[in-house]
Amino acid sequence: MQSQSSSSVSIDTAARPTFDRYELDGFYDEAVDPKGQFRTSSALLLQRVEELPQGELLRRQQAAEQLLFRMGITFNVYGDSQGAEKIFPFDIIPRTIDAQEWERIESGLKQRIKALNCFIHDVYHDQEIVRAGVVPAFVLETCKAIREPCRGLNPPRGVWCHITGTDLIRGADGTIYVLEDNLRCPSGVSYVLQNRFVMKRSFPSLFDLSHVRPVDDYPSRLFSLLQKMAPSAISNPTVVVLTPGVFNSAYYEHSFLAQQMGVELVEGRDLVVRDDTVFMRTTRGFRRVDVIYRRIDDDFLDPKVFRSDSLLGVPGLIDAYRSGRVALANAPGTGVADDKAIYAFVEAMIEFYLGEKAILPNVPTYLCYRQDDLKYVLNHLDELVVKAVGESGGYGMLVGPQSTAEERRAFADKIVSQPRNYIAQPTIQLSRVPTLIGDHFEGRHVDLRPYILYDGQEVFVLPGGLTRVALRKGSLVVNSSQGGGSKDTWVIAAPARKGTGS
Amino acid sequence: MLSRVADSIYWMCRYIERAENLARFIEVTFSTLLGTAANEKQSWSPLISTTGDLQWFQSRYGEATREQVVYFLTFDPEYPNSILSCVTAARENGRSIREALPTQVWEQLNQFYQRTMQLSRQPETLWQSPLDFYHEIKLSSHLFKGLMDGSMSHGEGWHFARMGRYLEQADKTTRMVDVQYYRLQPIRDAMGSPVDDLQWSALLHSLSGLEMYRQKYHQILPVRVVDFLMLDRAFPSSVMHCIDQANISLHAISGCPVDSFCNLAEQRLGRLRSQLAFMRVDEILQQGLHAFIAELQNRINAVDDALFQDFIAISGAPAADETPQMEAKMRAATS
Numbered sequence: 169m170q171s172q173s174s175s176s177v178s179i180d181t182a183a184r185p186t187f188d189r190y191e192l193d194g195f196y197d198e199a200v201d202p203k204g205q206f207r208t209s210s211a212l213l214l215q216r217v218e219e220l221p222q223g224e225l226l227r228r229q230q231a232a233e234q235l236l237f238r239m240g241i242t243f244n245v246y247g248d249s250q251g252a253e254k255i256f257p258f259d260i261i262p263r264t265i266d267a268q269e270w271e272r273i274e275s276g277l278k279q280r281i282k283a284l285n286c287f288i289h290d291v292y293h294d295q296e297i298v299r300a301g302v303v304p305a306f307v308l309e310t311c312k313a314i315r316e317p318c319r320g321l322n323p324p325r326g327v328w329c330h331i332t333g334t335d336l337i338r339g340a341d342g343t344i345y346v347l348e349d350n351l352r353c354p355s356g357v358s359y360v361l362q363n364r365f366v367m368k369r370s371f372p373s374l375f376d377l378s379h380v381r382p383v384d385d386y387p388s389r390l391f392s393l394l395q396k397m398a399p400s401a402i403s404n405p406t407v408v409v410l411t412p413g414v415f416n417s418a419y420y421e422h423s424f425l426a427q428q429m430g431v432e433l434v435e436g437r438d439l440v441v442r443d444d445t446v447f448m449r450t451t452r453g454f455r456r457v458d459v460i461y462r463r464i465d466d467d468f469l470d471p472k473v474f475r476s477d478s479l480l481g482v483p484g485l486i487d488a489y490r491s492g493r494v495a496l497a498n499a500p501g502t503g504v505a506d507d508k509a510i511y512a513f514v515e516a517m518i519e520f521y522l523g524e525k526a527i528l529p530n531v532p533t534y535l536c537y538r539q540d541d542l543k544y545v546l547n548h549l550d551e552l553v554v555k556a557v558g559e560s561g562g563y564g565m566l567v568g569p570q571s572t573a574e575e576r577r578a579f580a581d582k583i584v585s586q587p588r589n590y591i592a593q594p595t596i597q598l599s600r601v602p603t604l605i606g607d608h609f610e611g612r613h614v615d616l617r618p619y620i621l622y623d624g625q626e627v628f629v630l631p632g633g634l635t636r637v638a639l640r641k642g643s644l645v646v647n648s649s650q651g652g653g654s655k656d657t658w659v660i661a662a663p664a665r666k667g668t669g670s
Numbered sequence: 058m059l060s061r062v063a064d065s066i067y068w069m070c071r072y073i074e075r076a077e078n079l080a081r082f083i084e085v086t087f088s089t090l091l092g093t094a095a096n097e098k099q100s101w102s103p104l105i106s107t108t109g110d111l112q113w114f115q116s117r118y119g120e121a122t123r124e125q126v127v128y129f130l131t132f133d134p135e136y137p138n139s140i141l142s143c144v145t146a147a148r149e150n151g152r153s154i155r156e157a158l159p160t161q162v163w164e165q166l167n168q169f170y171q172r173t174m175q176l177s178r179q180p181e182t183l184w185q186s187p188l189d190f191y192h193e194i195k196l197s198s199h200l201f202k203g204l205m206d207g208s209m210s211h212g213e214g215w216h217f218a219r220m221g222r223y224l225e226q227a228d229k230t231t232r233m234v235d236v237q238y239y240r241l242q243p244i245r246d247a248m249g250s251p252v253d254d255l256q257w258s259a260l261l262h263s264l265s266g267l268e269m270y271r272q273k274y275h276q277i278l279p280v281r282v283v284d285f286l287m288l289d290r291a292f293p294s295s296v297m298h299c300i301d302q303a304n305i306s307l308h309a310i311s312g313c314p315v316d317s318f319c320n321l322a323e324q325r326l327g328r329l330r331s332q333l334a335f336m337r338v339d340e341i342l343q344q345g346l347h348a349f350i351a352e353l354q355n356r357i358n359a360v361d362d363a364l365f366q367d368f369i370a371i372s373g374a375p376a377a378d379e380t381p382q383m384e385a386k387m388r389a390a391t392s
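Chains as they are written, first to last, in the working numbering: chain S, 169 to 670; chain P, 58 to 392.
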């Protein structure tokens, strides 16, 4: 087997990685406190790692990479005619979160999802939040992610955002912020499950001792959620996952989730709508579909309603949805709350809809359409991160401290010509986690994406989530398109007890 | 099951079977030549004839030398039926229906592909030990099929897999018999000579049937070899056996009794099966083996067409209250 290992170090000559010379460099470290002591949630893990025989950690890292390669969790290397494939980088040192902190994150996310769901519903109905003067009418009117066909829509059980993948980051002072809500088709949960699978093979007995909360029940929870959304008269609803197809970069995840739930993975061409009812083409003729977990963006869902040039979608799907004969998760139109200028109001939404104070703060956000903010932003471009309101995935942004004067000038022009289109935030020095770099540990910046399921009554937050890590030294960008990898995320249920083995 | 998924399972298995057959043919040709002084060129071109793509080969390669033929059949990425192309196509089909396969089946298929891909990047390593190389390909295919049988529910998808596997094998067996019989006919008078014996043994061997043949007939006689490979009920690569098994799976999919039909594919396959089942080998030879096989291949292709019409390219429109009655009936019949 061809070596797919990212580490070029040979096991035989590798030194034993320890924390003797581990540097914090002034950042918040998720595993090591400022005095150089292991934090409680990571202590057992890191002690065990340090005790491993020489070369063993590297061996396990390489075995984990081989395993991911064998499982076919790969992407094609662009431009390689020989069909070379690579795994998404994976680091063997997990990120840990203690029980108390997780509890706070969990309640913060629950609160946030409830408020966001109320907001999306409000946007497409009476817009009370605008009438109350909390969100300016102008901001909603100019939001490109509003979907007119959703006006007046009443999705099953009042749920718009069934599945959410909120991005959290921690700053230098230890505060955890919400960076983005990702209410449309958040991806990555398959990596949470696969990373866990790989880690269990790498450190079997450590799992036993560490009281890591399980994530394995995600597919069954997702399935029950989807089933609940079915039109009420259906007793045993047919659930499917709708994918753009095998060339989509998240295809692996679509097929993984369908496989884990034991449902069909369909493409647009497998579905047909007749009399406001959705059918799939099967070997036994047409079969009715009741719930669609769609992993296609709004714009491509139905060429009759949204983009008419979409070949991925299903003509008539939205009519079927509006008539209540099929359920969609997530509902169309949720992107409105992903607009970064609207994101800035989420804390206010929580107060407005729930009468509660936000548990998890937003990153302080300057709205460039406000004159004062604009002035401040233009004067401090070299300190701020500027983002286009409709972009994600690390695109359309300027990281001030790492930009050139030229780039800042170009960005300033864009901001001035379209101020509604930009927001700015202070550059948060993302927290770091020890990461195996060659034969030793270095801190690398991370974020965290927990996955949240909402059925209209209960909000479930998967204990853990995807920890994305910027593998490039000094980089704050964790996106896989920009050299990011991932780590397993351990939410510790109770203090670890002592034991033997590793 | 989704039509698209059924189609991909079917083709995934056809491609794997195709790759395995090629590996067996090449392996046997290698090992046969080790023991003879036969003209090399004569020995390698029939291999291409069995693929039915001789013209394709001649237009790009010209002369059929050992190196050319082996590269062409094994690694040529342009040639759609090379081992590499077949394994790639099988894996592409598998990748698009990963959710319908047990994880281990997918992982085996993926490894099979990665390994073949890796070898194709250093084709020269093949010459160091060609027999080991093709043996490995065969084992990968066996492992794949074993995992399919052992870990996939024996329901609709699995029956589509079997349809693919057996129709492909039936087709390949007819091609092997056709080409070798034609080639060996001129030396029929010298029947019993060591070379002759060796050649007919090689044919049996390349369909993994030498020992089973010997158990039944002991001595190599061309007419018996043809009988065994075409009409034997029990031998896995014989055309009769393959058609029989495909027929069983096809009826398991529809739930229709095996001696009747409720779609075009069943009608065509059933007729073919009956004809073979009540055929004697001397009737085949009387009619002319080549003509018989040509017709047989056409009829196997016609079954494949019918499968596509009946299960994959379903046409018409659904009725809004499409009753699951038919479905329930079929389900009851298959379970």
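We put the beta carbon where it would ideally sit given N, CA and C, even for glycine.
Proximity winner among S:L277, S:L220, S:P399, relative to S:L496 (alpha-carbon distances)
S:P399
Is it right to say S:R617 is buried, meaning 16 or more other beta carbons lie within 10 angstroms of its own, or is it exposed?
buried
Is S:L593 helix, strand or coil by DSSP?
The sequence shown places Gln at residue 593 of chain S, not Leu. Strand at S:Q593.
How would you label S:P569, buried or exposed, when you count the other beta carbons within 10 angstroms and need 16 or more for buried?
exposed
In angstroms, rounded to a whole number, what distance separates the CA positions of P:A291 and S:K368?
46 Å
Determine whether the beta carbon atoms of S:G333 and S:N350 lie at a separation below 8 Å.
yes
Tell me whether P:A247 is buried or exposed, calling it buried when 16 or more other Cβ atoms sit within 10 Å of its Cβ.
Note that P:A247 scores a pLDDT of 47, beneath 50, so its modelled location is shaky and nothing firm can be said.
Is any beta-carbon of chain S found at less than 8 Å from that of P:R222?
no
Is it buried or exposed, S:G632, if we count other Cβ atoms within 10 angstroms and call 16 or more buried?
buried
Which residues does DSSP list as the beta-bridge partners of S:L616?
S:L336, S:T635
How far does the beta strand (DSSP E) with S:A497 in it extend, from its first residue to its last?
495–497
Same chain, Cβ closer than 6 Å to S:M517, neighbours up to 5 away in sequence not counted:
A283, F287
Within 10 Å of its beta-carbon, does S:F306 have 16 or more other beta-carbons around it, so buried, or fewer, so exposed?
exposed
In angstroms with no decimal places, state the Cα-to-Cα distance between S:D335 and S:L347.
5 Å
Would you please verify whether the beta carbon of S:R449 is less than 8 Å from any beta carbon of chain P?
yes
Quick one: give me the first and last residue of the alpha helix (DSSP H) that P:F87 is part of.
60–91
Given P:V236, which residues of its chain have a CB within under 6 Å of its CB, disregarding the five upstream and five downstream residues?
P103, S106, T107
For S:S210, collect the residues of the same chain with a Cβ closer than 6 Å to its Cβ; drop the 5 residues on either side in sequence, then sort them by chain order.
A199, T264
Are the CB atoms of S:F474 and S:D487 nearer to each other than 8 Å?
no
Report the neighbours of P:N78 on chain S: residues whose CB is nearer than 9 Å to its CB, in chain order.
Simply none; closest approach about 23 Å.
Along the beta strand (DSSP E) that carries S:A556, what are the first and last residues, could you check?
552–556
Would you say P:M205 faces chain S, with C-beta separation under 8 Å as the test?
no
Show which residues of chain P have a CB atom less than 9 Å away from the CB atom of S:D438.
L59, S60, R61, V62
Kindly indicate which residue of S:A580, S:S392, S:I281 has the alpha-carbon position closest to the one of S:T502.
S:I281
Those residues which DSSP pairs with S:E348 across a bridge
S:D335
List the endpoints of the continuous alpha helix (DSSP H) containing S:F628.
Here S:F628 belongs to no alpha helix (DSSP H); instead the beta strand (DSSP E) covers 627–629.
Assess contact between the stretch 65–79 of chain P and the stretch 452–470 of chain S, defined as three or more Cβ pairs (one per stretch) separated by less than 8 Å. Is contact present?
no
Taking Cβ to Cβ, would you say S:S378 is nearer than 8 Å to S:L213?
yes
Just to make sure I have the definition right: I need the residues of chain S whose C-beta is within less than 8 Å of the C-beta of P:R219. Which are they?
Ordered by position in chain S, no residue passes the 8 Å Cβ test against P:R219, which lies about 14 Å from the chain.
Inter-residue Cα distance where the pair is P:R148 and S:V627
39 Å
Is S:Q172 helix, strand or coil when you go by DSSP?
Its pLDDT being 42, under 50, S:Q172 is placed unreliably in this model, and the coordinates cannot settle the point.
Measure the CB-CB distance between P:I83 and P:Y238 and report whether it falls below 8 Å.
no
Could you tell me which of S:R640, S:T635, S:V646, S:L639 sits nearest to S:W658, measuring between CA atoms?
S:T635
In this structure, does DSSP put S:D188 in helix, strand or coil?
coil
Using the beta-carbon count (16 or more within 10 Å), is P:W257 buried or exposed?
buried
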